[in-house]
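Trainee: The structure that follows is given in the form of structure tokens.
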Amino acid sequence: MTDASITAEPPLRAAPPGPAPGRGPSRYRAGALFLLPAFVLLGVWLLYPTVYTIVRSFFGPSGYLGGWVGIDNYKTLFTTSSLVTAIKNSAIWVAVVPAFVTAIGLIFAVLIERIRWSVAFKTIIFLPMAISAFATGVTWRIMYQQDPSQGAINALGRTVSDAVTAPGVLPSAVPSTGLLQSQGGGLILKTPLHPGGVALLGLTGIAPADLPTGSKQAVKPATKPGDIVGTVWRDFKPGGGKPGVVEQGELGIPGVTVELHDASGNVVQSTKTDGPGTFDFTRVPAGTYQAGIGAATFAKPFGGYSWLGPSLITPSLLIAYIWIWAGFSMVVIAAGLAAMPRDVLEAARTDGASEWQVFRRVTVPLLAPVLSVVFITMIINVLKVFDIVLALAPESAQANSSTIALAMWRTAFSGSFDFGTGSAIAVFLFLLVIPVLALNIRRFRREA
Amino acid sequence: MATVAETVRLPAPHERTSAKILRALGKTPIQILLAVIAVLWLVPTIGLFVTSIVPQSATSTAGWWKIFAHPSLATFSNYSALFHNAGLTGALKTTAYIAVGNTLLVVVVGALAGYAFAWLEFPGRDWLFIGVVALLVVPLQMALIPTFRLYNILGIGGTVLSVILFHAAFGLPFAIFLLRNFFVGIPKDILESARIDGASEIRIFLRLILPLGLPAIASLAIFQFLWTWNDLIVSLTFGVTPITVWIFSQMREFSSSVDVVSTASFLSLVVPLAVFFAFQRYFVQGLLAGSVK
């Protein structure tokens, strides 16, 4: 306990009161010498530039100062559409990311207290923190590729979508004759049918590789009294063949859903074709019918969401960014949890509080200072978002994904070299973090 | 109080086996949930690595995860090709120079200032320190334009030194904050007795402060190293080409250069990952000191 009280002494009053006899002036000199390198660096690369940028933001685009323009640069900032987009995007970042990162970190930190391999889990979640935001952008760009055969996320989407609604066996097929017409996503044969009739449903536009397995030489089935029979087949063979006629060398299409519609268009029977493509509607009552192929046969497979397209690019970026920072939040909050008085939690449990009540009424309120530190840190981080956008968003989506920090760089260093407006954007960014700065100083002074 | 909490947390010594099993079962859903999350969290990094070890011809037609069905596709030809690329090896060297140079500079300058703020006396010390803390949040965008101009006038734009100096200035507020707070925790008696023995301040700094402050210095060094190794914006602005800028220059046609981009990206994160795994403890300590204190 004695050791702890020494280190816990109020920091700012740690030095002895008053200079030791005979050493005062030399101690001042030592202080100045120790501080000199730091103050040179801070002065030349931080203080002078900050003042210059503030002044510069009231002057024109080029030159050392380039002519007084008053607050025109700030007007430009709020009227140019690309800059307004950047401000809106940054607002979305601030609204979404700090809350999500804090919440996810809190959930992880609470849950890992219940497992033995919490160190391994922490390491895995924390790992992205060591990777550059730029490499993260590249990493997620590979994940987000739109083609489900290349992008892992859309591949997962396709697996789920296939499980929910199976894709059709013939997504690209088209009718071989004009008699077969599309209706409600499927096809219907215009020729009216009666019991004992034959329906020939020829399709083309099917690559041999896309034919369902079990496909055999197509046959035109023999008529059956009282039944309507028919064939669905690939009405094409090397050399062409005659449309609408089942010929040697043309293959039947198995597994196609065929439907029989009555005169008023209702589906009265439905069946599937076999290997040679034949089907049989049995015991059809007298009347006029039409045969057709169900829409499900032609259902296109899931094509993938355009994660990198203009409309989804910002959500995609947010996900990747949360992936990076959740580990930071988890580690900081876990440390806060570890420092929490356990007896308070145990007392609540003894009093019969449920785990959820303990979490909601004890853990979260006690952690509030730590949670707010994470939240505030994330606000600052999010306002400075830059490299991940350059790496993740393709050229076509860059305009839609811009942020304030990126817009500043583009305005000043890419293309137009407009130092006036660039300075104004930087000052705007600075103004946004000043409340945080005030908060930092207050917290520090309270601790001191 | 502490002992009460500890005894509550410890499992009772003679817990029945059935009770243990029941308790483990109660945790199973959480175990499974966390295991799934951990795997999901790893997928993007694994995807990057796998993409980097399959030939471009394979990734353009099928997803990287197909490699688990065809392990023979794996090749390190992407890597060997890159190691023969002078642009990339040069960029890696530049990255290393910037990261190491900046880390050394920030540690030395930051430790000197941190010591002064912690243990030396001069007028206005506390106000100056608050000023330094205030600088912590200045976005580096505030300094890009003036420094760019300054470098043009001095003619040192495009040099490794120009990037190091810029990074150092923006790393210093955190460095001074972190080290000063650690140094004030060093017991006063040690310093006072050294002073009474007549040791000079520089001697105290070198012989006492640096060795005693090593944990904080290690945290700081790791932070600085990773921050500068991973930087894009500063080097891009001042016309220097470390690995991030080099990859950026290859990204115009992402789909056709995905082999180069993914391979170089993975190369770029091998060093940070190694540093992270080797010094994880210091990394986390620095993080906590920077955010909680």
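As given, the protein sequences belong to chains B and U, one line each in that order. Numbering-wise, the first sequence is residues 1 to 448 according to this note's numbering. Numbering-wise, the second sequence is residues 1001 to 1293 according to this note's numbering. Just so you know, even glycine gets a beta-carbon here, dropped at the ideal spot from N, CA and C. Computed from a predicted structure; not experimentally measured.
Are the beta-carbon atoms belonging to W1246 (chain U) and A1221 (chain U) less than 8 Å from one another?
Mentor: Against a cut-off of 8 Å, the Cβ pair of A1221 (chain U) and W1246 (chain U) comes out as no contact.
Trainee: Just by C-beta distance, which residues in the stretch 381-410 of chain B are closer than 8 Å to chain U?
Mentor: The residues in question are L383, K384, F386, D387, L390, A391, P394, E395, A405, M408, W409.
Trainee: Given P61 (chain B), which residues of its chain have a CB within under 8 Å of its CB, disregarding the five upstream and five downstream residues?
Mentor: These residues qualify, in order along the chain: S416, F417, D418, F419, G420, T421.
Trainee: If you count every other CB in all the chains shown that lies within 10 Å of the CB of K242 (chain B), and 16 or more means buried, which is it?
Mentor: Label assigned to K242 (chain B): exposed.
Trainee: For R116 (chain B), which of U:L1034, U:T1075, U:M1251 has the nearest alpha-carbon?
Mentor: The shortest Cα separation from R116 (chain B) among U:L1034, U:T1075, U:M1251 belongs to U:L1034.
Trainee: So what does DSSP say about R283 (chain B), is it helix, strand or coil?
Mentor: Coil at R283 (chain B), not helix or strand.
Trainee: Can a CB atom of chain U be found closer than 8 Å to the CB of L458 (chain B)?
Mentor: In the structure as shown, chain B starts at 1 and stops at 448, and residue 458 (chain B) therefore has no counterpart that could be examined.
Trainee: How big is the Cα-Cα spacing for L41 (chain B) and L35 (chain B)?
Mentor: Between L41 (chain B) and L35 (chain B), the C-alpha separation is close to 10 Å.
Trainee: Against P1071 (chain U), what residues of chain B qualify as contacts under a CB-to-CB distance less than 7 Å, listed in chain order?
Mentor: What P1071 (chain U) touches in chain B: nothing, since even the nearest Cβ is about 18 Å away.
Trainee: At a cut-off of 7 Å, would you count V389 (chain B) as near the ligand GDP, judging by its Cβ distance to the nearest heavy atom?
Mentor: Ligands in the displayed structure: none, and consequently the ligand GDP is not present.
Trainee: Using only alpha-carbon positions, find the residue among B:P148, B:S372, B:A103, B:V370 that is nearest to G1063 (chain U).
Mentor: The shortest Cα separation from G1063 (chain U) among B:P148, B:S372, B:A103, B:V370 belongs to B:P148.
Trainee: Cβ of Y1097 (chain U) less than 8 Å from any chain B Cβ?
Mentor: Chain B, which has no Cβ nearer than 8 Å to the Cβ of Y1097 (chain U), makes this no.
Trainee: Which residues does DSSP pair with Q181 (chain B) in a beta bridge?
Mentor: Paired residues: B:I188.
Trainee: Assuming V268 (chain B) is part of the beta strand (DSSP E), what are its boundary residues?
Mentor: 267-272 is the span of the beta strand (DSSP E), which, as asked, contains V268 (chain B).
Trainee: Confirm, please, whether the CB-CB distance from P1272 (chain U) to L1236 (chain U) is below 8 Å.
Mentor: Cβ distance not < 8 Å, so L1236 (chain U) and P1272 (chain U) don't count as in contact.
Trainee: Counting only beta-carbon separations shorter than 8 Å, does P208 (chain B) have a partner in chain U?
Mentor: Taking Cβ atoms only, chain U never reaches closer than 8 Å to P208 (chain B), which makes this a no.
Trainee: Quick check on this structure: which residue in B:V164, B:G137, B:L111, B:V110 has the alpha carbon closest to the alpha carbon of V385 (chain B)?
Mentor: Ranking the options by Cα distance to V385 (chain B), first place goes to B:G137.
Trainee: Check the C-beta distance from Y305 (chain B) over to L260 (chain B) and give it rounded, since I have them as a contact under 8 Å.
Mentor: About 37 Å separates the two Cβ atoms, so there is no contact after all.
Trainee: Who are the neighbours of F328 (chain B) on chain U, taking C-beta pairs under 7 Å?
Mentor: Near F328 (chain B) (Cβ distances below 7 Å), the residues of chain U are L1287.
Trainee: Between U:A1199, U:W1229, U:L1073, which has its C-alpha nearest I1164 (chain U)'s C-alpha?
Mentor: Per the Cα distances, U:W1229.
Trainee: Quick one: is F1279 (chain U) near chain B, going by C-beta distance under 8 Å?
Mentor: Closer than 8 Å: no.
Trainee: Please report whether the beta-carbon of Y305 (chain B) lies at a distance below 8 Å from any beta-carbon of chain U.
Mentor: No, no contact with chain U.
Trainee: With 16 other CB atoms within 10 Å as the buried threshold, where does Q181 (chain B) fall?
Mentor: Exposed, because fewer than 16 other Cβ atoms sit within 10 Å of the Cβ of Q181 (chain B).
Trainee: Are the stretch 430-441 of chain B and the stretch 372-390 of chain B touching by the rule of at least three beta carbon pairs closer than 8 Å?
Mentor: Yes, they touch.
Trainee: Should the stretch 271-286 of chain B be regarded as contacting the stretch 217-229 of chain B, the criterion being three or more beta carbon pairs within less than 8 Å?
Mentor: With the cut-off at 8 Å, the stretch 271-286 of chain B and the stretch 217-229 of chain B touch.
Trainee: Please confirm if F1248 (chain U) has its CB atom under 8 Å from at least one CB of chain B.
Mentor: Chain B, which has a Cβ nearer than 8 Å to the Cβ of F1248 (chain U), makes this yes.
Trainee: Check each candidate in U:T1051, U:A1096, U:I1243, U:G1101 and name the one with the smallest Cα separation from S1077 (chain U).
Mentor: Here the closest residue by C-alpha is U:T1051.
Trainee: The beta strand (DSSP E) with E259 (chain B) in it runs from where to where?
Mentor: From DSSP, the beta strand (DSSP E) with E259 (chain B) extends over 257-261.
Trainee: If you check the beta carbons only, do V1183 (chain U) and V1133 (chain U) fall under 8 Å apart?
Mentor: The sequence as given places Phe at residue 1183 (chain U); Val does not occur at that position. No, Cβ-Cβ distance for F1183 (chain U) and V1133 (chain U) is not below 8 Å.
Trainee: What does DSSP give as the partner residues of A199 (chain B) in its beta bridges?
Mentor: Its beta-bridge partners are B:G230.
Trainee: Does W1065 (chain U) have its Cβ less than 8 Å from a Cβ in chain B?
Mentor: Taking Cβ atoms only, chain B reaches closer than 8 Å to W1065 (chain U), which makes this a yes.
Trainee: At least one CB of chain B closer than 8 Å to the CB of V1284 (chain U): is that the case?
Mentor: True, the Cβ-Cβ gap to chain B drops below 8 Å.
Trainee: By a C-beta neighbour count over all protein chains shown, 10 Å radius and 16 as the cutoff for buried, is P21 (chain B) buried or exposed?
Mentor: With a pLDDT of 42 at P21 (chain B), under the threshold of 50, the modelled position of this residue cannot be trusted; read the value that follows with caution. That one is exposed.
Trainee: If you scan the stretch 86-170 of chain B from start to end, which runs of the alpha helix (DSSP H) of 4 or more residues do you find wholly inside it?
Mentor: List check, alpha helix (DSSP H) in window: 118-126, 133-143, 152-164.
Trainee: So is V245 (chain B) buried or exposed if we call it buried at 16+ other beta carbons inside 10 Å?
Mentor: That one is exposed.
Trainee: In angstroms with no decimal places, state the Cα-to-Cα distance between P128 (chain B) and Y1079 (chain U).
Mentor: Rounded to whole angstroms, P128 (chain B) to Y1079 (chain U) spans 22 Å at the Cα level.
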